[in-house]
Amino acid sequence: MTRLGDLERAVMDVLWDSVPATSDGVTVREVADALDGRELAYTTVMTVLDRLAGKGMVQREREGRAWRYRAAASREAYIAQLMLDALDLGGSRDAALVRFAHSVTGTEADVLRAALAAEAGMTADAPGQADGPGRGLTDRVESPQGDPASRAGRADEAAER
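Next up, the structure:
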């Protein structure tokens, strides 16, 4: 996944914030106008949008002599891919995930638990939850380094420390 520079990020923020997914997109002029506080030349914005299209970050469609641009994916999809790419940087994915889990707020942890439960097809009173708080979820998540049972054992060891 491509990391964005400051100007690319500002342009993508305009697209993510102002262009509904069902829209035909926006023109270079509309993006430049939305970035009015930055005092950018029209051609600079056009070049950035062209580069973003080349990177697959934006889609464009011809409308007369102009192009209309829109984000190729949502902001959330982009951020999720950045997070996955970060996990692939090396070292232990499990250790990175555990460290991340310890850094989230209680509300964020609740959101993650709910997402994992939904992914696993579980509900709060589903079988597998009776083993203890969070145990049912841990049993259902497969580790790249082993089976679910060994991951559950590692999670239990970490909880006891």
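Its first residue numbered -7, the sequence shown is counted upward by one per residue in the numbering used here. We treat Cβ as the ideally placed atom computed from N, Cα and C, and that holds for glycine.
Boundaries of the beta strand (DSSP E) in which residue i is found, first to last residue
i	result
E55	V50 to E55
Helix, strand or coil at residue i according to DSSP, with G and I counted as helix
i	result
T43	For clarity, residue 43 is Arg in the given sequence; the question names Thr instead. Residue state, collapsed to three classes: helix.
R62	strand
V90	helix
S10	helix
R(-5)	coil
D25	helix
V103	helix
A33	coil
L79	helix
G98	helix
Beta-bridge pairing of residue i - partner residues as DSSP gives them
i	result
V18	Y61
Given residue i as reference, the closest of the options once Cα atoms are compared
i	options	result
V3	V20, S15 and I71	V20
L55	V18, D102 and D(-2)	Correcting the residue type first, residue 55 is Glu in the shown sequence and not Leu. It is V18 whose Cα lies nearest to the Cα of E55.
A69	M49, A112 and S84	M49
Residue i beta carbon near the ligand SAH (any heavy atom closer than 7 Å)
i	result
S66	The model depicted lacks the ligand SAH and carries no ligand whatsoever.
Touching by the beta-carbon criterion (3+ pairs, under 8 Å), the segment 1 to 13 and the segment 58 to 76
yes
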